[in-house]
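When we follow this note's numbering, the leftmost residue of the sequence shown carries the number 23, and every step to the right adds one.
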Amino acid sequence: MLNFSIVEGSKQEFDRLIIAKTSTRVIVSCRRHSSLVGPLCFPSVQNSIILTDSAHSLTAVAIIQSSQIPAKTMPFHSFFTFFFFIFFLYPFSIQSPAHAISFVSPIQKDNATLFYSFTVYLKTPLQPTRLHLDVGASFSWVACDAGYNSTTYQHIPCASLLCDSLGHNLPCSVCFNAPSPSCANDSCSLFPENSVTRKIALSPGLTDSLALPTSDGSTQGPPILLPGYIFSCSPRSLLEGLANNVTGLAAFGRSNYSLPAQVSNTFSVPRCFALCLPGSPSDPGVALIGSVGPYYFSPQKTDLSKSLVYTPLVLNPVGSTVVTYAGEPSDEYYINMTSINVNGKPIQINSSLLAVDENGSGGTKISTAVPYTVLESSIYNALTKAFVNESSALNLTVTDTVKPFGVCYSAADITVTRVGPGVPTVDFVMHSDNVFWRVFGSNSMVRIRRDAGGDVWCLGFVDGGVNPRTSVVIGGHQMVDNLLQFDLDNSRLGFTSSVLLKGTTCSNFNFASTR
């Protein structure tokens, strides 16, 4: 067993201790929090280990500071012996899990922008923080150039292994103002991006405490702390174009530093999350992170994970962010859509547009940065022509259009069913003819209320022009009341098409009950 001696700090000041053996230096931060982890150590964020001893009810975070630490220098029993002494003196109370950890949070729809937000608890003391939900973004960011108050935020040093792992030759910040979350010298800087406006900033990277409620798939449980959540401190100007009540962006892309990835890496839960977007601004949908199911929804406590149909996720070899790096793939989620049917009949389109080429162009991606599905012009024209033809058999006649839509019908002529307006179905056919994402009227049509001329239902697809980078971008409206599971461990997307067929909605997750 190795012997350690305290070389800095005192036995009574457990917020910062340094223990050492020869040239090895480790900073140990013992934090009072409610992380539900097992009685083992496991990797957390870059260069850190979370240690816990359920018998003494304290979790400790050890952050490795030296790049020369040998792999076997500090076996767990050595750390355990050291932390046993700390635990004995400071027996804080935390809960221990009786089951695998998963996390849940409500998703809100903004009626003005038609974008979606996701709520986390950030800072110390923890504060509810609403962030724009971006399913394809690489890094999260928070507008904190003014009014960001937390006792636990830390800048990321430029020379650290964490900074090196975040990107290629990231710049070091130089600041001539008073130290603050947005101002620090020799700290790692990132390029936060607003995917709606395509604007970026150069902002310092931070770590701070973040908490999310737990879930067993049917109810909301107590929150758990992620003590070293990584994001960037961005200027408020980057919020332009997003909902007024958000203060940043929650990244859900493929990146190793997206929010789901950090949760997965910290708590050793599956690299998997599910989104169920709400159709109403007044009733929230739900995000479930770190769980492959079950996902129970009222009123019949239906497990929607059993209704998922799967198709492989496709890797785009070229990133599409404003700042990209040669040879690095996109962090967005692409799927292999091979054709589109209207009322079961394939439309005539150039199939090569649906494949991603070596330059990253073409294909189909899923995005919460656009409210409606955007189609390359020839695909859009073929879809609307087929839809109008099939609608005529239902005695529907097109009426004056409302921008940005190109096909509209009088609301008085359309019958509403349990899956929305009674119109022709649109199928996104995947890797096999019998695997398709069916778009019913609730997801294909958008109701426009007008003071004069009567209300209309419009086909909720938008012309994306000629030669867009991505041929089909499936937007938020087509994801409403459709449970989507992003399973990165198995590189697949699960979808239900419409949970309305199961007699429920995305707003029927039970947030009221706690375990």
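Idealized CB from N, CA, C, for every residue including glycine.
All figures in this text were calculated on a predicted structure; none of them were measured in a lab.
message = For a minimum of 3 consecutive residues, which ranges assigned as the beta strand (DSSP E) are wholly contained in the segment 476-503?
response = Taking 3 residues as the minimum length, the beta strand (DSSP E) runs contained wholly in the segment 476-503 are 478-481, 483-485 and 494-496, in order along the chain.
ask   = Grouping DSSP H, G and I as helix and E and B as strand, with all else coil, what is Thr103?
value = Because the pLDDT at Thr103 is just 34, under 50, the model does not fix this residue reliably, and the value given afterwards should be weighed accordingly. Assignment of Thr103 by DSSP, reduced to helix, strand and coil, places it in the helix class.
inquiry  = Using CA atoms only, rank isn't needed, just tell me which of Ile436, His177, Thr346 and Tyr138 is closest to Val478.
reply    = Among Ile436, His177, Thr346 and Tyr138, the Cα nearest to that of Val478 belongs to Ile436.
query = Over what stretch of residues does the alpha helix (DSSP H) that includes Tyr402 continue unbroken?
reply = For Tyr402, the uninterrupted alpha helix (DSSP H) segment begins and ends at Ser399 to Ser414.
task = Verify whether the separation of the beta carbon atoms of Ser209 and Cys180 is less than 8 Å.
result = At a Cβ-Cβ threshold of 8 Å, Ser209 and Cys180 count as neighbours.
query = Within the chosen definition, does the segment 391-404 reach the segment 289-307 through at least 3 CB pairs nearer than 8 Å?
reply = Short answer: they don't touch.
key: Coil, strand or helix - Thr386 by DSSP   = Thr386: strand per DSSP, three-state reduction.
inquiry  = Per the DSSP calculation, Asp230 is bridged to which residue(s)?
reply    = Asp230 pairs with Tyr251.
inquiry  = Taking the straight line between their C-alpha atoms, what separation do you get for Lys524 and Val157?
reply    = Near 25 Å, if we compare the C-alpha coordinates of Val157 and Lys524.
request  = Sort Gly169, Leu281, Ser290 and Leu234 by Cα distance to Arg258 and report the nearest one.
outcome  = Comparing Cα positions, the closest option is Gly169.
ask   = When you compare each of Gly239, Ile311, Val451 and Leu261 to Val331 by their alpha carbons, which one comes out closest?
value = Nearest to Val331 by C-alpha distance, out of Gly239, Ile311, Val451 and Leu261, is Val451.
ask   = Would you say Ala348 and Tyr317 are within 8 Å of each other, going by their C-beta atoms?
value = No, the Cβ-Cβ distance between Ala348 and Tyr317 is not below 8 Å.
query = Three or more beta-carbon pairs under 8 Å between the segment 261-270 and the segment 130-146, yes or no?
reply = Yes, since at least three Cβ pairs between the segment 261-270 and the segment 130-146 fall closer than 8 Å, the two stretches touch.
ask   = Can you give, in chain order, each stretch of the beta strand (DSSP E) that sits fully within the segment 272-358 and has at least 3 residues?
value = The qualifying runs are 294-298, 307-311, 331-336 and 355-357.
key: For Glu354 and Asn338, the rounded distance between their alpha carbons   = Going from the Cα of Asn338 to the Cα of Glu354 covers about 8 Å.
key: Candidates Leu335, Ala309 and Pro321: closest to Val502 by CA position   = Ranking the options by Cα distance to Val502, first place goes to Ala309.
request  = Could you check which residue in Gly270, Ser211, Pro249 and Phe125 has the C-alpha nearest to that of His177?
outcome  = Nearest of Gly270, Ser211, Pro249 and Phe125 to His177, Cα basis: Ser211.
message = In the DSSP output, which residue or residues are listed as bridge partners for Gln176?
response = In the DSSP assignment, Gln176 is bridged to Thr229.
query = Should Cys480 and Val424 be called a contact, given that it needs their Cβ atoms to be closer than 8 Å?
reply = Yes; because the gap between Cβ atoms is below 8 Å, this pair is in contact.
task = Thinking Ser320 and Asn171 are a contact (beta carbons under 8 Å), I'd like their distance in whole angstroms, please.
result = Contact between Ser320 and Asn171 does not hold, since their C-beta atoms are separated by about 38 Å, which reaches or exceeds 8 Å.
inquiry  = Using 8 Å as the cut-off, can you tell me whether the segment 506-525 makes contact with the segment 461-468, which would need three or more C-beta pairs spanning the two stretches below that distance?
reply    = Contact holds: three or more Cβ-Cβ distances are below 8 Å.
request  = State the Cα-Cα distance for the pair Asn207 and Tyr175, rounded to the nearest angstrom.
outcome  = Spanning the two alpha carbons is a distance of roughly 15 Å.
ask   = Quick one: what's got a C-beta closer than 8 Å to Val441's C-beta in the same chain, skipping five residues either side?
value = Within the same chain, Phe462, Gly463, Ser464, Ser520, Leu522 and Leu523 come within 8 Å of Val441 by CB-CB distance, once the 5 residues on both sides are set aside.
message = Rounding to the nearest angstrom, what Cα-Cα distance links Gly486 and Ser361 in this structure?
response = If you draw a straight line from the Cα of Gly486 to the Cα of Ser361, it comes to about 18 Å.
key: Opening and closing residue of the beta strand (DSSP E) in which Gly516 lies   = Where Gly516 is concerned, the enclosing beta strand (DSSP E) stretches over Arg514 to Phe517.
task = Could you check what DSSP says for Phe239 in three-state terms: helix, strand or coil?
result = According to the sequence shown, residue 239 is Gly rather than Phe. It is coil, neither helix nor strand.
query = Taking just the CA atoms, how far does Ala200 sit from Gly385?
reply = Straight through space, the alpha carbons of Ala200 and Gly385 are spaced by roughly 47 Å.
request  = Note down, in chain order, each residue of its chain lying with its Cβ closer than 6 Å to the Cβ of Ser45, except the 5 sequence neighbours on either side.
outcome  = Low per-residue confidence applies at Ser45: pLDDT is 30, beneath 50, and the placement is therefore not dependable enough to give any value.
key: Rounded straight-line distance, which links the Cα of Leu326 to that of Gly275   = In a straight line, the C-alpha of Gly275 is about 23 Å away from that of Leu326.
request  = Taking Ser124 and Thr288 to be in contact with their CB atoms under 8 Å, please state how far apart those CB atoms are, rounded to whole angstroms.
outcome  = Their Cβ separation, rounded to whole angstroms, is 13 Å, which puts Ser124 and Thr288 out of contact at 8 Å.
Reduced DSSP secondary structure (H/G/I, E/B, other) of Val451 = The DSSP-derived three-state label of Val451 is strand.
query = Any contact of the segment 236-254 with the segment 144-162, i.e. 3+ C-beta pairs under 8 Å?
reply = Contact holds: three or more Cβ-Cβ distances are below 8 Å.
ask   = Where DSSP assigns a beta bridge to Asp509, which residues make up the other side?
value = For Asp509, the pairing in a beta bridge is given by DSSP as Cys294 and Arg514.
query = According to DSSP, what are the bridge partners of Ala165?
reply = The partner list for Ala165 (beta bridge, DSSP) reads Ser256.
query = Mapping DSSP to helix, strand and coil, what is Ser182?
reply = Three-state DSSP puts Ser182 in coil, outside helix and strand.
inquiry  = Given this structure, state the Cα-to-Cα distance separating Pro150 from Ala474, to the nearest angstrom.
reply    = For Pro150 and Ala474, the distance between alpha carbons rounds to 42 Å.
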